[in-house]
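Undergrad: This is the structure I want to talk about, given as structure tokens.
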Amino acid sequence: MITIVSRYSLHLCLVLSLFGCGESNSVKPGEATLAKADAAASDSPEVILFATKSLYNGAKQKDHAWIATSREIAVAEKALEAGDLAAARQAALRAQLTAQASLAQANLESQAWRTRVP
Amino acid sequence: MKILVALLVVFSVTLPALADPEADRLAFAEFYLSRFPSIELQAHKDGAYALDQAKREQWLEMEDFPPYEIAVDEGELLYARAFDNGESYAACFDQGGLGIKQNYPYFDIERSEVITLEMALNLCREKHGEAPLDYAGELMGNLTAYMAYTSRGNKFAITVPPEGLSAYEAGKQFFYERRGQLNFACSSCHLQSAGGMLRAEILSASIGHATHWPTYRFKWEQIGGLHKRFIECNEQVGAEGLAQQSPAYRNLEYFLTYMNNGMTLNGPASRK
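As you go down the protein sequences, you meet chains A and B in turn. So in this note's numbering, the last spot in the first sequence is 130, and the numbers never skip. So in this note's numbering, the last spot in the second sequence is 263, and the numbers never skip.
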């Protein structure tokens, strides 16, 4: 019985997710922040950076942060210090995109890894 | 329908309790046996040098004058040096600490965490009033090189008690999870693509990945531990590396070393 359950555990999870039972109905913190970050895309570099750092920290907490995100955050901060708002905004948006992708990766991989076990 | 859903929920909740490390290990070994039918499992302890004869010959020539020899000698002196309270490392380990690396890492039930050899050394130091060593430093490299040297020829015998299953599962998840901007898992290179080429390098099999640490890597120009290599691997795929001896890396080492159970220790070693 144990072997059967182990063998079909992935299938069970997939079925559960179809029924909508595999996930909590509550909004995850990362997703809420993603929505805020999308809304912030039209905002100032400071606002974009603030939202992006929240995304980045979310990915970091899941051990899924990307080097590109911290690098672009650093570029944006340096541009802000220099008063170059256009460059800061551009770098902040790049950081935001990579932070969103890293968090999406973390969420997807929390289950997808099981498909790779021999 | 409600009964079916309820059963599925029960199964999903109990899944972690059904983890079977030994079944995992057998499937892991079987994967490499079928992928490399002409290579004995034990040969993978030499990493990529088990997979390419020309590279192996070059490596064997380098091993004639092993670059880690100085680290072993200095580690022996360091190991024997008494702490300020008169005790030494030998007081903290079974068999005086010699020939024991095959039992690390282990799951400490009281502390509820994985203890690696490096961490055990620092716990020993702290117990005797000494400051912990830098995990990335030369002294830790030398100490572990000596301890690995005294364990050569022994075979990994890692155990996973029921209390350690969640740490084992976390390490397993880390190994198979894609991460970084390149979206690679440890398994992408060292399981799925083992034996293939990444630029000019041959991708080694994970079945031998825990046997030979610490290792003198010529690109590092120093001896370093397995966690240093984890950081390097993560950064190579665009992921931020974690701290050496972080819980995630200790769990990864726990899983990986369990997968290496039965493999012969041959550390310290040298790599490009």
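For each residue, glycine too, the CB sits at the ideal point set by N, CA and C. No experiment lies behind these values; they were computed from the predicted model shown.
(1) In this structure, how does DSSP classify Arg220 of chain B when only helix, strand and coil are distinguished?
(2) With a CB to CB cut of under 7 angstroms and the five nearest residues on each side skipped, what residues in its chain are close to Asn76 of chain B?
(3) If the cut is a Cβ gap below 7 angstroms, which residues of chain A does Leu217 of chain B touch?
(4) Label Met131 of chain B either buried or exposed according to how many other C-beta atoms from any shown protein chain fall within 10 Å of its C-beta, with 16 as the threshold for buried.
(5) When you compare the CB of Arg128 of chain A with every CB in chain B, is at least one pair closer than 9 angstroms?
(6) Tell me, please, whether the stretch 38 to 48 of chain B touches the stretch 96 to 111 of chain B by the rule of three or more beta-carbon pairs shorter than 8 angstroms.
(7) Under the DSSP definition of a beta bridge, which residues are partnered with Ser261 of chain B?
(8) Contact criterion: CB-CB distance below 9 angstroms. Does Lys72 of chain A meet it with respect to chain B?
(9) Counting along the chain, where does the alpha helix (DSSP H) carrying Tyr137 of chain B start and finish?
(10) Please report the residue range of the beta strand (DSSP E) in which Asp99 of chain B lies.
(11) Quick check on Arg116 of chain B: does DSSP put it in helix, strand or coil?
(12) Could you compute how far the alpha carbon of Ala80 of chain A sits from the alpha carbon of Lys72 of chain A?
(13) Pick out whichever of B:Asn113, B:Ser179, B:Ala73 has its Cα sitting closest to the Cα of Pro130 of chain A.
(14) Near Asp99 of chain B, which residues of its chain fall below 8 angstroms by C-beta distance, leaving aside the five closest residues on each side in sequence?
(15) Since Gly70 of chain A is in the alpha helix (DSSP H), which residue starts that stretch and which ends it?
(16) Quick one: using the 10 Å Cβ neighbour count with 16 as the cut-off for buried, is Phe56 of chain B buried or exposed?
(17) Listing by chain order, which chain A residues have their CB less than 9 angstroms from the CB of Ala239 of chain B?
(18) Considering only their Cβ atoms, is the gap separating Glu168 of chain B from Trp125 of chain A smaller than 9 angstroms?
(19) Could you give the DSSP three-state label for Ala279 of chain B: helix, strand or coil?
(20) Out of curiosity, what's the CA-to-CA distance linking Pro12 of chain B and Ser79 of chain B?
TA: Looking at the coordinates:
(1) helix
(2) His119, Gly120
(3) Within chain A, no residue comes near Leu217 of chain B; the closest Cβ sits about 17 angstroms away, beyond 7 angstroms.
(4) buried
(5) yes
(6) no
(7) B:Tyr207
(8) yes
(9) 129 to 140
(10) 97 to 99
(11) helix
(12) 13 angstroms
(13) B:Ser179
(14) Val105, Ile106
(15) 57 to 73
(16) exposed
(17) Asp75
(18) yes
(19) The structure shown has nothing for residue 279 of chain B, since chain B only spans -8 to 263.
(20) 35 angstroms
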